[in-house]
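Asks:
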């Protein structure tokens, strides 16, 4: 797993006004690609879409990097881009495969076993995102706050809510 | 503190209360399970990190980057672009918001409009600019059109922007031929195009 410290990568980051080389992007890919894929996977739900999201993220980065003023860490910025790209993909997928309305008794057909992964998919998206970044990917609240553009206190509060929701779902599953 | 089951959520949010919660859980299986789950969630979470090999992903990204349009020009290139675009937009907006001024030749009381004589002079000046620009374009020739150098790309792009702004302004001038301001803006764009071509030709001659 990629450690949290890697998010604060200090390798040379192309700055505004400098040329964005493919080599620089490749370096960023090797430093952050694994985490980006994992974050993407948890939003879009499959590896193919997750890889597409990472690809789109780097294209967006390539377009936007010349304007990057270094206000935030590049890893934070990449995470923010991939999350937005994934939400777009998820929205598109939802439109493409609009689920048929639940038939009566559909709930009964849902498997009773709810493990943590399934439960994570059922909690509030903003709580899930904080849980994913903090507990799964090992980011700090300050980094999550920068990525999601929320106060650090909100990040902590959403994490607590996420864990409460997960605990409730796991409790239900165990009964 | 006498810890009760309903205090559990508060204890989970307040680490100082956790020892009391644990003490209570010794005799309360329900709270014990809740505490166990709470700890398990954090313990198991890192295992949800997904990692898999994607040997084709970076090559795919590289391919997509190569196919993507060039993202930017060097900083010097964009220096003039926005002021110029803003000036052109302002001019167009101003022209569109003042259509009544194009009703026809102005009377002598209105200094915002050209007289017939002045218009003739402006048109002569415009024709002179056009001839000069044509000559310079011929001199710049294929060197400018075909050179792969970033500098040539910079000049080509600048000329494209200028041509586009000139075309827009010309349309407005057609409808407001006596408008001093529009004619002035058009003349300044011609001057800028002339200067740009001259610069390129001089650079090319030096090299």
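Residue numbers (our numbering), protein chains in the order written: chain A, 14 to 188; chain B, 433 to 639.
Positions of the beta carbon are idealized from the N, C-alpha and C atoms, including for glycine.
Taking only three categories from DSSP, how would you classify residue 86/A?
Replies: coil
Asks: For residue 586/B and residue 630/B, which I take to be in contact (beta-carbon distance under 8 Å), what is that distance rounded to the nearest angstrom?
Replies: Not confirmed; about 15 Å, so no contact.
Asks: Quick check on the burial criterion: 16 or more other C-beta atoms within 10 angstroms. Buried or exposed for residue 130/A?
Replies: exposed
Asks: Do residue 133/A and residue 144/A have their CB atoms nearer than 8 Å?
Replies: yes
Asks: Does residue 51/A come within less than 8 Å of chain B when only Cβ atoms are used?
Replies: Yes, residue 51/A lies at the interface with chain B (some Cβ there is under 8 Å from its Cβ).
Asks: Select from the region 433 to 465 of chain B all residues with a C-beta closer than 8 Å to any C-beta belonging to chain A, and list them in chain order.
Replies: 441, 444, 445, 465
Asks: If you run the structure through DSSP and keep just helix, strand and coil, what is residue 611/B?
Replies: strand
Asks: Taking DSSP as the reference, what is the three-state secondary structure of residue 503/B?
Replies: Per-residue confidence for residue 503/B stands at a pLDDT of 48, beneath the threshold of 50, marking its modelled position as unreliable; the derived number appears in the next sentence. Three-state DSSP puts residue 503/B in coil, outside helix and strand.
Asks: With a CB to CB cut of under 6 Å and the five nearest residues on each side skipped, what residues in its chain are close to residue 437/B?
Replies: 463
Asks: Let's see if you can read the secondary structure: which residues bound the alpha helix (DSSP H) around residue 130/A?
Replies: In the DSSP assignment, residue 130/A falls within the unbroken alpha helix (DSSP H) covering 129 to 133.
Asks: So residue 474/B is in the alpha helix (DSSP H); what residue range does that whole segment cover?
Replies: 461 to 476
Asks: To the nearest whole angstrom, what separates the beta carbons of residue 65/A and residue 102/A, a pair I think is in contact under 8 Å?
Replies: So it is a contact: roughly 7 Å between Cβ atoms.
Asks: In whole angstroms, what is the alpha-carbon distance linking residue 106/A and residue 444/B?
Replies: 37 Å
Asks: Do residue 597/B and residue 621/B have their beta-carbon atoms positioned less than 8 Å apart in this structure?
Replies: Against a cut-off of 8 Å, the Cβ pair of residue 597/B and residue 621/B comes out as a contact.
Asks: Write down the C-beta distance between residue 42/A and residue 490/B rounded to the nearest angstrom, noting that I regard them as a contact closer than 8 Å.
Replies: Contact flag correct, Cβ pair sits at about 6 Å.
Asks: In or out: residue 475/B buried (at least 16 other Cβ within 10 Å) or exposed?
Replies: The residue is exposed, with fewer than 16 neighbouring Cβ atoms inside 10 Å.
Asks: If the cut is a Cβ gap below 8 Å, which residues of chain B does residue 184/A touch?
Replies: 465, 466, 469
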